[in-house]
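Visitor: In numbering that gives the first Met the number 0, the protein residues as written are 0 to 270. My structure is below; once you've seen it, I'll send some questions.
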Amino acid sequence: MEVTDYSVSGETFTLTYEERYALYRTTPVPDDLGSYYQSEAYISHTDGKKGLLEKLYQWVKQYTLLKKMDLIRQYIPEGSLLDIGAGTGDFVRMAKQKSWYATGVEPEAKARDRAGEKGIFLYESQEQLDEKYDVITLWHVLEHIADLEGQIRFLKDHLKEDGLLVIAVPNYKSQDAQHYGAYWAAYDVPRHLWHFSQQSIWQLFTEKGFQLIGVKPMYFDAFYVSLLSEKYKTGRMNFLKGFYHGLVSNLSALRTGEYSSLIYLLKIASK
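Encoded structure:
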């Protein structure tokens, strides 16, 4: 499938299917991949509230931050937390407010600077870390990481034996992905290097010594992604159609379990 980078460059990339892990890989990967994040259009690295879409994104983000913390506390009430791909630091800040010992990693300098303005220090690289954590989170981050095998090894090395690993990624088997095809905003090429199914995550992590203990939906993603996909497809923002297709996707997922984005809860498997 050919997919266009609608948010930054306008360039076209190919999704190549890898049968072993039931996932798609973005090709080619640009040598200057970092430059594809250097845009105010890349909303997850901004705190902007200029247009209606940005305001909606920021409002939903605040609500979902609370829901994410509530989910984690069902498994581990308190402790140490590492957020990889922390963006502008909002989740780390929320965790600190809930009395966690929390830290984060964010390679993009402007996002780190915005976090710093909020009083949140973020490491530039996970290689700067040498301790183990009760909880490690990657909220829509794994799809950005080139070396999946190395990343999973890092996660296993830095998660406590009874710790919780939380990974959220888009799901290309969702109804909204099927409906929008190449216009599906969650492909987000070339920033998203990988495109996962539930089988992908299960197989990648169980092969490396993890156990999948739960899968949870991210209901809001279907609406936001459908709204953005509608813009890519038609050239204009259509809130009614975006909301409709987001609702259809969530209703379909009640039956199939294939939500637009999914949260995977994992722990290190018992020996």
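Glycine included, each C-beta is placed from N, C-alpha and C at the ideal position. Predicted model, so just to flag it, every value in this text is computed and none were measured.
#1: Leaving out the 5 sequence neighbours to the left and right, which residues in its chain are closer than 8 Å to residue 0 when beta-carbon positions are compared?
#2: Please determine, among 195, 34, 7, the residue with the shortest C-alpha to C-alpha distance to residue 108.
#3: Quick one: what does DSSP say residue 117 is sitting in, helix, strand or coil?
#4: For residue 19, name the three-state secondary structure that DSSP assigns.
#5: CA-CA distance, residue 120 and residue 254?
#6: How many angstroms separate the CA atom of residue 6 from the CA atom of residue 270?
#7: What are the residues that DSSP puts in a beta bridge with residue 278?
#8: According to DSSP, is residue 173 helix, strand or coil?
#9: Can you tell me where the alpha helix (DSSP H) with residue 247 in it begins and where it stops?
#10: Go to residue 103, then tell me how far its beta strand (DSSP E) extends in each direction, as first and last residue.
#11: Can you pull the DSSP bridge partners for residue 144?
#12: Roughly how many whole angstroms lie between the Cα atoms of residue 70 and residue 8?
#13: Out of 112, 38, 58, 75, which has the shortest C-alpha to C-alpha gap to residue 97?
#14: What are the start and end residues of the alpha helix (DSSP H) that includes residue 223?
#15: Would you mind stating whether residue 202 and residue 20 have Cβ atoms separated by less than 8 Å?
#16: When you compare only the Cα positions, how much space is there between residue 103 and residue 186?
#17: Can you tell me the Cβ-Cβ gap for residue 261 and residue 170, rounded? I've got them flagged as a contact below 8 Å.
#18: Determine, using beta-carbon pairs with one atom in the segment 131-138 and one in the segment 83-100, whether at least three such pairs fall under 8 Å.
#19: Considering only their Cβ atoms, is the gap separating residue 68 from residue 94 smaller than 8 Å?
#20: In the DSSP assignment, find the beta strand (DSSP E) that holds residue 133 and state where it starts and stops.
#21: With residue 30 as the anchor, note down where its beta strand (DSSP E) starts and where it stops.
#22: Once the 5 residues before and after residue 79 are set aside, which same chain residues still bring their CB inside 6 Å of it?
#23: For residue 114, which residues from the same chain have a beta carbon less than 6 Å from its beta carbon, with the 5 sequence-adjacent residues on both sides left out?
#24: Mapping the DSSP letters down to three states, classify residue 162 as helix, strand or coil.
#25: Under three-state DSSP, which class holds residue 261?
#26: Considering residue 79, what are the terminal residues of the beta strand (DSSP E) in which it resides?
#27: Should the segment 160-176 be regarded as contacting the segment 189-198, the criterion being three or more beta carbon pairs within less than 8 Å?
#28: Over the uninterrupted alpha helix (DSSP H) stretch that includes residue 205, give me the two end residues.
Guide: The answer reads as follows:
#1: As a first step, residue 0 is located in the sequence shown; it is residue number 1 there, counting from the start. Cβ within range, chain order: 13, 14, 23, 180, 181.
#2: Locating residue 108 in the sequence shown gives position 109, where the first residue counts as 1. Of the listed residues, the one whose Cα sits closest to residue 108 is 34.
#3: Stepping through the sequence shown from its first residue, residue 117 is reached at position 118. Here residue 117 sits in coil by DSSP.
#4: Locating residue 19 in the sequence shown gives position 20, counting from the first residue. Helix, per DSSP.
#5: Residue numbering aside, residue 120 sits at position 121 when the sequence shown is read from its first letter. Residue numbering aside, residue 254 sits at position 255 when the sequence shown is read from its first letter. Straight-line Cα distance between these residues: approximately 42 Å.
#6: Counted from its first residue, the sequence shown places residue 6 at position 7. Counted from its first residue, the sequence shown places residue 270 at position 271. Taking the straight line from one Cα to the other gives about 45 Å.
#7: No statement about residue 278 is possible, as the shown extent of the chain runs from 0 to 270 and does not include it.
#8: For the purposes of this step, residue 173 is taken as the residue at position 174 of the sequence shown. It is coil, neither helix nor strand.
#9: Stepping through the sequence shown from its first residue, residue 247 is reached at position 248. 238-255 is the span of the alpha helix (DSSP H), which, as asked, contains residue 247.
#10: The count along the sequence shown starts at 1 and reaches residue 103 at position 104. Its beta strand (DSSP E) spans residues 100-104.
#11: By 1-based counting over the sequence shown, the position of residue 144 is 145. Paired residues: none, contrary to the question.
#12: Locating residue 70 in the sequence shown gives position 71, counting from the first residue. Locating residue 8 in the sequence shown gives position 9, counting from the first residue. For residue 70 and residue 8, the distance between alpha carbons rounds to 36 Å.
#13: By 1-based counting over the sequence shown, the position of residue 97 is 98. Minimum Cα distance to residue 97 is reached at 75.
#14: One-based indexing of the sequence shown puts residue 223 at position 224. Counting along the chain, the alpha helix (DSSP H) containing residue 223 begins and ends at 218-233.
#15: For the purposes of this step, residue 202 is taken as the residue at position 203 of the sequence shown. For the purposes of this step, residue 20 is taken as the residue at position 21 of the sequence shown. Yes, Cβ-Cβ distance for residue 202 and residue 20 is below 8 Å.
#16: Position 104 of the sequence shown, counted from the start, is the residue given in the question as residue 103. Position 187 of the sequence shown, counted from the start, is the residue given in the question as residue 186. Spanning the two alpha carbons is a distance of roughly 25 Å.
#17: In the sequence shown, the residue the question calls residue 261 occupies position 262. In the sequence shown, the residue the question calls residue 170 occupies position 171. Confirmed, Cβ separation roughly 5 Å.
#18: yes
#19: Numbered from 1 along the sequence shown, position 95 holds the residue referred to as residue 94. Numbered from 1 along the sequence shown, position 69 holds the residue referred to as residue 68. Contact flag set, yes.
#20: The residue labelled residue 133 in the question sits at position 134 within the sequence shown. Segment 132-138, the beta strand (DSSP E) holding residue 133.
#21: Taking the first residue of the sequence shown as position 1, residue 30 is located at position 31. Note, residue 30: premise wrong, no beta strand (DSSP E); not H, not E.
#22: As a first step, residue 79 must be located in the sequence shown, where it is residue number 80. The residues are 100, 132, 133.
#23: The residue you call residue 114 lines up with position 115 of the sequence shown. If we look at residue 114 and ignore the five residues flanking it on each side, its Cβ neighbours are 87, 88, 121.
#24: The residue you call residue 162 lines up with position 163 of the sequence shown. Residue 162 falls in the strand class under three-state DSSP.
#25: Working through the sequence shown from its first residue, we reach residue 261 at position 262. Strand, per DSSP.
#26: Indexing the sequence shown from 1 puts residue 79 at position 80. 79-83 is the span of the beta strand (DSSP E), which, as asked, contains residue 79.
#27: yes
#28: Residue 205 sits at position 206 when you count from the first residue of the sequence shown. Where residue 205 is concerned, the enclosing alpha helix (DSSP H) stretches over 197-205.
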